[in-house]
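Heads up: the structure comes next, in structure tokens.
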Amino acid sequence: MFNYTLRRLLTVIPTLLVLIVFSFYLMRLAPGGPFTSEKPLPPAVMQNVLERYGMDQPLYVQLWTYIKNIVFHFDFGPSFAQKDRTVNDVIAQGFPVTLTYGFWSAVFVLVLGIPLGIVAALRHNSIWDYTMTGLAIFSQIFPNFVLAPILVLLFTLSWGLLPGGGWNGGQWEYIVMPAIALGTSYMAGVARLTRGSMLEVLNAPFILTARAKGLPERVIIWRHALKPALLPTLTYMGPVFVYMITGSVFIDVFFSTGGIGQDFIDGAYSRDYSMLLGLAILYSLLTFALNLMLDLLYAWIDPKVRSSL
Amino acid sequence: MSLLSVENLQIRFRTGDGLVHAVNDVSFDIAEGQKLALVGESGSGKSQIALAIMGLLAKNAEVAGKVRFDGRDLLSLPASQLNALRAAQIALIFQDPMSSLNPYMTIERQLGEVVELHEGASRAEARKRALEVMEAVRIPDARNRLRAYPHEFSGGMRQRIVIAMALICRPRLILADEPTTALDVTVQAQIMALLDEIQRDLGTAVLLITHDLGVVAGFCDDTMVLYGGRVMEAAPTPAIFDAPGHPYTRGLLRAVPRITDGDVTLSAIPGSPPNQTAAPRACPFAPRCVDAIPACHEMLPDFREGRACIRPVEELT
Numbered sequence: 005m006f007n008y009t010l011r012r013l014l015t016v017i018p019t020l021l022v023l024i025v026f027s028f029y030l031m032r033l034a035p036g037g038p039f040t041s042e043k044p045l046p047p048a049v050m051q052n053v054l055e056r057y058g059m060d061q062p063l064y065v066q067l068w069t070y071i072k073n074i075v076f077h078f079d080f081g082p083s084f085a086q087k088d089r090t091v092n093d094v095i096a097q098g099f100p101v102t103l104t105y106g107f108w109s110a111v112f113v114l115v116l117g118i119p120l121g122i123v124a125a126l127r128h129n130s131i132w133d134y135t136m137t138g139l140a141i142f143s144q145i146f147p148n149f150v151l152a153p154i155l156v157l158l159f160t161l162s163w164g165l166l167p168g169g170g171w172n173g174g175q176w177e178y179i180v181m182p183a184i185a186l187g188t189s190y191m192a193g194v195a196r197l198t199r200g201s202m203l204e205v206l207n208a209p210f211i212l213t214a215r216a217k218g219l220p221e222r223v224i225i226w227r228h229a230l231k232p233a234l235l236p237t238l239t240y241m242g243p244v245f246v247y248m249i250t251g252s253v254f255i256d257v258f259f260s261t262g263g264i265g266q267d268f269i270d271g272a273y274s275r276d277y278s279m280l281l282g283l284a285i286l287y288s289l290l291t292f293a294l295n296l297m298l299d300l301l302y303a304w305i306d307p308k309v310r311s312s313l
Numbered sequence: 660m661s662l663l664s665v666e667n668l669q670i671r672f673r674t675g676d677g678l679v680h681a682v683n684d685v686s687f688d689i690a691e692g693q694k695l696a697l698v699g700e701s702g703s704g705k706s707q708i709a710l711a712i713m714g715l716l717a718k719n720a721e722v723a724g725k726v727r728f729d730g731r732d733l734l735s736l737p738a739s740q741l742n743a744l745r746a747a748q749i750a751l752i753f754q755d756p757m758s759s760l761n762p763y764m765t766i767e768r769q770l771g772e773v774v775e776l777h778e779g780a781s782r783a784e785a786r787k788r789a790l791e792v793m794e795a796v797r798i799p800d801a802r803n804r805l806r807a808y809p810h811e812f813s814g815g816m817r818q819r820i821v822i823a824m825a826l827i828c829r830p831r832l833i834l835a836d837e838p839t840t841a842l843d844v845t846v847q848a849q850i851m852a853l854l855d856e857i858q859r860d861l862g863t864a865v866l867l868i869t870h871d872l873g874v875v876a877g878f879c880d881d882t883m884v885l886y887g888g889r890v891m892e893a894a895p896t897p898a899i900f901d902a903p904g905h906p907y908t909r910g911l912l913r914a915v916p917r918i919t920d921g922d923v924t925l926s927a928i929p930g931s932p933p934n935q936t937a938a939p940r941a942c943p944f945a946p947r948c949v950d951a952i953p954a955c956h957e958m959l960p961d962f963r964e965g966r967a968c969i970r971p972v973e974e975l976t
């Protein structure tokens with residue numbers, strides 16, 4: 005297990021290198037640059053600016069300097085668009101915000117989605133099951149950019165219960181709506197997936213064996229059925245976690261949370277090369293970390309996977 | 660008094676194609692320590708009988724009749740009391756050891772939880788008992804394999820574990836549903852020998868469900884032949900082999916290869932098992948029977964003198 009984890013961690017390095025090189029050149033292929041504007045800068049000023057950011061050097065030199073600064077100083081460079089701020093600053097400020105409501109959103113997805121799915125499966129073909137499946141399908145068709153305005157309309161404008169935006173240091177009132185808007189459709193997905201896999205597991209021969217042992221239903225569900233029933237949900241949650249944190253662009257913009265998604269959008273519009281690259285690295289590290297975590301969790305649940313590690 | 664007494668058991672399933680009459684009017688008794696074989700081809704309803712005794716039939720099943728165990732009617736027993744009997748008094752051995760063990764739990768836990776549940780044993784006691792039964796079914800190096808998972812064992816070893824699981828509370832009746840069907844022939848013989856030995860040591864009654872007459876021959880005192888969910892013939896095992904009294908039993912025996920036969924061709928029974936969506940009105944075997952006369956297609960034969968056939972034994976081919 006330890007060796008496996010180490011091996012996985014080591015693969016991060018070459019993958020990140022490829023990602024950096026690829027993204028670096030890809031961004032430069034896009035027309036325009038961070039200092040392009042409708043009224044071109046005077047050539048002398050432009051020359052100064054380019055020198056200041058090292059952009060007068062050939063591309064491979066710029067790339068080399070960039071990598072060197074990350075490796076030796078953990079410095080992702082200055083933002084090209086936001087004056088006097090480094091990429092490190094921007095991430096340090098925005099990422100905790102995104103991570104906070106992303107985390108609570110994931111909690112919301114799991115804590116609501118899994119029990120709903122299990123209850124629906126245990127009450128298979130009952131009114132509970134139909135209601136829950138219906139609700140799940142209904143909420144799954146609501147993308148966050150539809151749900152967010154509806155939530156604000158109800159909770160802020162009609163009932164005045166929650167603030168319609170802002171962050172305010174991450175007080176809970178400010179987290180609730182972003183987390184729900186971000187998570188609802190995934191919550192519904194988790195509920196349906198859990199229901200399906202629970203139904204399948206309950207039909208497995210080893211559950212019949214457990215029944216033949218005389219175990220009460222409660223023990224059969226918790227001890228015998230739950231673990232295998234959660235495996236598909238776990239597989240689903242891997243990419244979902246990442247997407248919930250990286251794909252929160254709309255939430256950041258709509259609720260003005262000040263999360264990292266806003267910076268990603270701004271960076272893309274203003275060709276803020278260092279910002280985009282920094283965020284791409286952050287997202288891929290996050291993907292790595294979450295996938296590794298889920299794989300280890302998978303191994304913990306499934307002894308067959310464990311013995312193959 | 661018999662240990663298990665099944666009277667006029669009827670099992671029907673509500674399905675999309677209508678009511679399937681899986682088991683019709685089946686009656687039998689098993690005495691303490693007796694070994695009874697239920698023989699029939701797939702679809703004859705034999706597994707459903709075992710599940711009915713355990714109260715484990717699928718939700719779309721309708722059961723009628725009486726199943727008395729030790730004087731209590733199992734069919735009307737509340738779930739909690741039925742749970743108290745399961746594994747403690749009546750144990751079930753399933754057909755496929757590959758899928759009937761929980762792949763996510765250690766063997767020790769799967770064996771141990773039975774004793775913990777029924778005898779209130781502690782973890783430590785449960786482990787001791789698990790080790791004992793694993794040694795009893797001769798799992799090599801049992802002590803070190805308690806912590807192993809099912810996928811780390813071969814099929815034969817897994818079936819031994821399933822048997823160990825059935826034995827751990829020393830039940831009075833074991834229902835063995837095709838215990839060797841999923842195994843290699845050589846392993847089959849070992850498993851049957853093991854069952855036989857354990858049965859003799861513990862004096863447990865066994866209901867052996869199988870389609871394989873070869874398995875029955877060496878093991879069971881009595882044999883019951885099922886066709887289309889109905890008892891065709893019931894007799895002491897030697898009589899079934901030496902003087903089969905029903906055309907179906909005869910057909911089955913002719914389909915079993917024997918070493919002494921030389922190059923005699925085996926004969927299959929022509930036709931296929933009956934469609935059981937209608938309530939039976941005639942002998943279910945009549946359409947495939949070489950001895951059938953017109954009356955066979957018109958009336959349901961009574962079960963008399965150990966056989967359900969209207970034709971006298973002397974007239975059968």
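Residue numbers (the numbering used here), protein chains in the order written: chain A, 5 to 313; chain B, 660 to 976.
For every residue, glycine included, the Cβ atom is placed at its ideal position computed from N, Cα and C.
Test item: CB-CB of B/Ala743 and B/Ile670 under 8 Å: Cβ atoms of B/Ala743 and B/Ile670: not closer than 8 Å.
Residues in the region 701–730 of chain B with C-beta within 7 Å of chain A's C-beta atoms, listed in sequence order? Identification of residues in the region 701–730 of chain B having a C-beta nearer than 7 Å to some C-beta of chain A yields Met713 and Leu715, given in sequence order.
Is there a C-beta anywhere in chain B that falls below 8 Å from the one on A/Pro236? A/Pro236 does not count as touching chain B.
Residues near B/Pro933 in its chain [Cβ-Cβ closer than 6 Å; skip 5 each side]: Only Gly887 and Pro943 meet the Cβ criterion.
Chain A beta carbons: is any one of them nearer than 8 Å to that of B/Ser813? Using a CB distance cut-off of 8 Å, B/Ser813 does not count as an interface residue toward chain A.
DSSP beta-bridge partners for B/Ala894? According to DSSP, B/Ala894 bridges with B/Thr882.
Chain-order list of residues whose beta-carbon lies under 6 Å from that of A/Ala183 (same chain, five-residue window excluded): These residues qualify, in order along the chain: Tyr105, Trp108, Ser109 and Phe112.
B/Ala743 versus chain A: which residues are under 9 Å apart at the beta carbon? Here the neighbours are Gly218.
Between the region 109–134 of chain A and chain B, which residues of the former have a C-beta closer than 7 Å to a C-beta of the latter? Listed by position along the chain: nothing, the set is empty.
Using CA coordinates, which residue listed in A/Ile269, A/Phe76, A/Ala185 and A/Leu126 is at the minimum distance from A/Ile154? Comparing alpha carbon positions, the residue from A/Ile269, A/Phe76, A/Ala185 and A/Leu126 closest to A/Ile154 is A/Ala185.
For A/Thr90, three-class secondary structure by DSSP: When secondary structure is reduced to three states using DSSP, A/Thr90 falls in the strand class.
Measure the Cβ-Cβ separation of A/Phe84 and A/Pro38 and say whether it is below 8 Å. Yes, they are a contact pair.
Along the region 224–235 of chain A, what residues have a CB closer than 8 Å to any CB found in chain B? Those residues of the region 224–235 of chain A placed with their C-beta closer than 8 Å to a C-beta in chain B are Arg227, His228, Lys231 and Pro232, ordered along the chain.
Name the chain A residues that come within less than 8 Å of B/Pro643, Cβ to Cβ? Chain B is shown only over 660 to 976; residue 643 of chain B falls outside these bounds and no answer can be derived.
Reference A/Met191; option with closest CA among A/Leu230, A/Met248 and A/Val94: When C-alpha distances from A/Met191 are compared across A/Leu230, A/Met248 and A/Val94, the shortest belongs to A/Met248.
Cα-Cα, which of A/Ser41, A/Leu301 and A/Val194 is closest to A/Gln144? Minimum Cα-Cα distance from A/Gln144 among the listed residues A/Ser41, A/Leu301 and A/Val194 corresponds to A/Val194.
Any 3 or more C-beta pairs closer than 8 Å across the region 198–205 of chain A and the region 233–248 of chain A: Of all C-beta pairs linking the region 198–205 of chain A to the region 233–248 of chain A, three or more are shorter than 8 Å, placing the two stretches in contact.
If B/His905 sits next to B/Met883, beta carbons under 8 Å apart, how far is it from one beta carbon to the other, in whole angstroms? Rounded, the Cβ-Cβ distance is 11 Å, inconsistent with contact.
Answer with buried or exposed for B/Ile850, where buried requires no fewer than 16 other C-beta atoms within 10 angstroms of its C-beta. That one is buried.
B/Val722 beta carbon less than 8 Å from that of B/Leu716: Yes, Cβ-Cβ distance for B/Leu716 and B/Val722 is below 8 Å.
Are the region 49–58 of chain A and the region 71–79 of chain A in contact at 8 Å, needing three or more beta carbon pairs? The region 49–58 of chain A vs the region 71–79 of chain A: no contact.
Residues that B/Phe728 bridges to, as DSSP identifies them: Per DSSP, B/Leu663 and B/Arg731.
Residue span of the beta strand (DSSP E) that contains B/Asp684, given as start and end: Gly677 to Ile689 is the extent of the beta strand (DSSP E) around B/Asp684.
Of all the options B/Asp860, B/Lys694, B/Gly692 and B/Glu700, which has the alpha carbon lying nearest to the alpha carbon of B/Leu911? Looking at the Cα atoms, B/Glu700 is the closest of the given residues.
Mind checking who B/Phe672 pairs with in its DSSP beta bridge? Partner(s): B/Val679 and B/Ala720.
Unbroken alpha helix (DSSP H) run spanning A/Thr135, endpoints: It spans Ile131 to Gln144 - the alpha helix (DSSP H) in which A/Thr135 sits, taken as one unbroken run.
Beta-carbon contacts of B/Pro929 that lie in its chain and below 8 Å, excluding the five residues immediately before and after: The residues are Arg947.
With a 10 Å radius around its C-beta and 16 neighbouring C-beta atoms as the bar for buried, classify B/Gln693 as buried or exposed. With 16 or more Cβ atoms within 10 Å of its Cβ, B/Gln693 is classed as buried.
Using the beta-carbon count (16 or more within 10 Å), is B/Thr869 buried or exposed? It is buried - the Cβ of B/Thr869 has at least 16 other Cβ atoms within 10 Å.
Out of curiosity, what's the CA-to-CA distance linking A/Lys43 and A/Met50? Across the structure, A/Lys43 and A/Met50 are spaced so that their CA atoms are roughly 12 Å apart.
Would you call the region 254–267 of chain A and the region 10–22 of chain A in contact, with 3 or more CB pairs under 8 Å? The region 254–267 of chain A is not in contact with the region 10–22 of chain A.
For B/Gly814 and B/Ala902, the rounded distance between their alpha carbons: Between B/Ala902 and B/Gly814, the C-alpha separation is close to 36 Å.
Run through chain B and tell me which residues come within less than 9 Å of A/Asp306, C-beta to C-beta. Correct list: Pro762 and Tyr763.
For B/Ala835, tell me which candidate among A/Ala216, A/Ser312 and A/Trp176 has the shortest Cα-Cα distance. Considering only alpha carbons, the answer is A/Ala216.
Is B/Val685 close to chain A? Criterion is C-beta to C-beta, closer than 8 Å. So no, B/Val685 is outside the interface.
Alpha carbon to alpha carbon, what distance is there between A/Met5 and A/Val309? In a straight line, the C-alpha of A/Val309 is about 11 Å away from that of A/Met5.
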